[in-house]
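Scroll down for the structure; my scribbles are underneath it.
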Amino acid sequence: MAGAAEAARAVILTVDDDPGVSRAVARDLRRRYGGAYRVVRAESGESALDALRELRLRGGLVAVILADYRMPQMNGIEFLEQALDVYPGARRVLLTAYADTSAAIDAINVVDLDHYLLKPWDPPEEKLYPVVDGLLETWRPTDRRPVAITKVVGSRWSARSSGVREFLARNEVPYRWYSSDEPEGRQLLCAAGQDGLRLPLVITPDGTALVEPDDQDLAARVGLATTPSARFYDLAIIGGGPAGLGAAVYGASEGLRTVLVERSATGGQAGQSSRIENYLGFPDGVSGAQLTDRARRQAAKFGAEVLTAREVTGLEINGASRVVRFSDGATVAAHSVILATGVSYRQLEAPGVAELTGCGVFYGSALTEAAACQGHDVYIVGGANSAGQAALYLARGAKSVTILVRGPSLSASMSYYLVQQVKATPTISVRTNTVVEAAHGTRQLEQLTLRDTVTGETELVDAQWMFVFIGAAPLTDWLEGTVLRDRRGFILTGPDLTADGRPPPDWELDRPPYHLETNVPGVFVAGDARAESAKRVASAVGEGAMAVMLVHRYLEQS
Ligand SMILES: Cc1cc2nc3c(=O)[nH]c(=O)nc-3n(C[C@H](O)[C@H](O)[C@H](O)COP(=O)(O)OP(=O)(O)OC[C@H]3O[C@@H](n4cnc5c(N)ncnc54)[C@H](O)[C@@H]3O)c2cc1C
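Under my numbering, the residues of the sequence shown are numbered -11 to 546, in order.
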């Protein structure tokens, strides 16, 4: 259960343009939830959005939003779409008349609707309360965070400042950003006894000031779980991307004591995608953040333990137990392990790029930086789908977006539907046969030297923003000596290990490794980290589920 003090300040918001109906909904809600929640009512989408924005600034929590569909100016779906940006974690309900049911069904994907409720809802005991009870139940476990908001004082040009923002945003920790050169930021620095030379300063909801905190310290201080509650599990999953989350949902739901360890934030690469359009069941696309939020809640609902900001740096085999070692030396053991560590962005090797990373140069963090790019010229390096998605997302606010592609065309590396969208966006231009030769700037990115790979000519362009998407590599060196990998570091499994007709070295069982099993019995791989994997969200999730099925088979025999 959420703490009483916290729940007391969480809001249930209802918006209906008919004053009589609006009062009736609020009355029914107060009757049942008034003791634990604050019921706020509004009579238009605009005034409800104002209320939500004000609550957000004050660090308030919003549990459920109920909106009438038929409202003048802004209808319920339009309102919920905007409310999603302010409170993505709040549960969303559309109130509709029977005649509008089809609009409500359409809204399920557009605004990620949790429920639609037909009017009238009398008696509320039968029609309204069971729905709201269920929504509050699913809201509580994910939003059990201090009400007072975390404050971050930083500079746009400090790499760690953007790292902290990214970390908090991807873990859905509400925070407020203060620039260190604005009065409010200076006041907070002063209150913490800081001169602003070391940034960011993070002030946690309980008032603790942290200077340049690392992810683990930050996670623990803002209420994210970082320590396992038990010493031994049936299944330990390393990596919290789609494969790891998929495995956690299936593992925990099928009764395995499951712990998932994620070094940064759950969601993995998919969590950084502004819109995934080819995942089954989401015909209008779904943002990586929404998909992650749903998967994380689903895993938690079934009892999986999710640890954040803990990097795994070792795997040891100790008889039947598989011991997972964290970077700080602590360990957790399990009967079986699923490696779901995916891939990480490849670094752009050109002079100046490493020094300016976080200060105008970013790897895949287009979502958190998008607001700051408004009205600016943006460069995107790379020609694959991730680059195309980022270009489309950033083009909404940027003055111009230039995609730099090493090859002669986009179509060789990007899906057809994205190429069409890129072509149809007037503010996006594509420069083919072009590479970044160098990045220049003192405190921040100021210019780029671009080279034409055909003519060899170079050009110096002004640039404040560069986002790099040039492929990815698995970071699996920590498995050296334990788990077999191919020459690029991808993990070998099943048939790949027995291609020559012989079992892998030191394999002691009288069966060959299962399809997703490594050369270590009981250690499986799912998703992008596996050699020859499909590199798609759907296949990662599918392999997570399949790996759990093989874990069961392994446990039954051992
Ligand atoms: C911007 C972008 C857009 C994309 N869009 C699409 C799309 O539209 N459709 C599609 O099908 N695919 C898309 N993809 C590809 C898709 O996201 C990946 O195939 C998918 O995320 C792979 O899932 P995964 O769980 O195997 O690995 P990842 O998503 O890479 O997750 C791995 C996780 O493991 C963690 N980890 C790694 N090492 C450790 C360690 N040692 N200890 C603890 N944790 C660790 C990482 O922090 C990460 O969170 C996109 C990728 C990107 C980058």
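For each residue, glycine too, the CB sits at the ideal point set by N, CA and C. Since the model is a prediction, treat every value here as computed from it, not as a measurement.
Beta carbon of residue i nearer than 8 angstroms to that of residue j
i    : j    : result
A555 : L82  : No statement about residue 555 is possible, as the shown extent of the chain runs from -11 to 546 and does not include it.
A253 : R153 : no
Q260 : G352 : yes
R419 : V393 : yes
V369 : V311 : no
Y404 : V320 : no
V237 : A318 : no
Rounded separation between residue i and residue j - CA only
i    : j    : result
A218 : V294 : 12 angstroms
V341 : A375 : 18 angstroms
A207 : E447 : 43 angstroms
T138 : T192 : 5 angstroms
L49  : D56  : 21 angstroms
A461 : V331 : 5 angstroms
R20  : F67  : 25 angstroms
G395 : R439 : 12 angstroms
A338 : R473 : 28 angstroms
Y166 : A85  : 44 angstroms
E250 : R298 : 6 angstroms
A12  : D272 : 34 angstroms
I53  : T470 : 50 angstroms
E69  : V3   : 14 angstroms
V539 : T215 : 24 angstroms
G429 : M534 : 48 angstroms
V389 : L198 : 36 angstroms
Given residue i as reference, the closest of the options once Cα atoms are compared
i    : options                   : result
K523 : D474, R58, D494 and N373  : N373
G256 : S275, V349, S403 and F455 : S275
L187 : D56, R(-3) and G346       : G346
Y267 : G385, M537, V120 and G530 : G530
S521 : E343, G477 and V366       : G477
N421 : T443, M402 and A213       : T443
S397 : T486, T319 and T441       : T441
F270 : V525, R251 and R80        : V525
T329 : V98, A258 and P201        : A258
A412 : A386, L380 and V393       : L380
F512 : L72, L303 and R209        : L303
S241 : R541, Q545, V536 and L543 : V536
A51  : D121, D16 and A30         : D121
S324 : G229, A(-2) and A224      : A224
G291 : E69, T196 and A235        : A235
D316 : S143, G363, V237 and D202 : D202
Where residue i sits in the DSSP three-state scheme
i    : result
H540 : helix
Q435 : strand
N306 : strand
R132 : Bear in mind that a pLDDT of 46 at R132, under 50, signals an unreliable position, so the model cannot answer this.
W466 : helix
D440 : strand
M534 : helix
A322 : strand
W453 : strand
D222 : strand
I137 : coil
G64  : helix
S527 : helix
E447 : strand
E250 : coil
Presumed contact (8 angstroms Cβ cut-off) between residue i and residue j, rounded CB distance
i    : j    : result
P492 : P501 : 7 angstroms
A383 : T415 : 5 angstroms
A87  : Y104 : 13 angstroms between Cβ atoms; not a contact.
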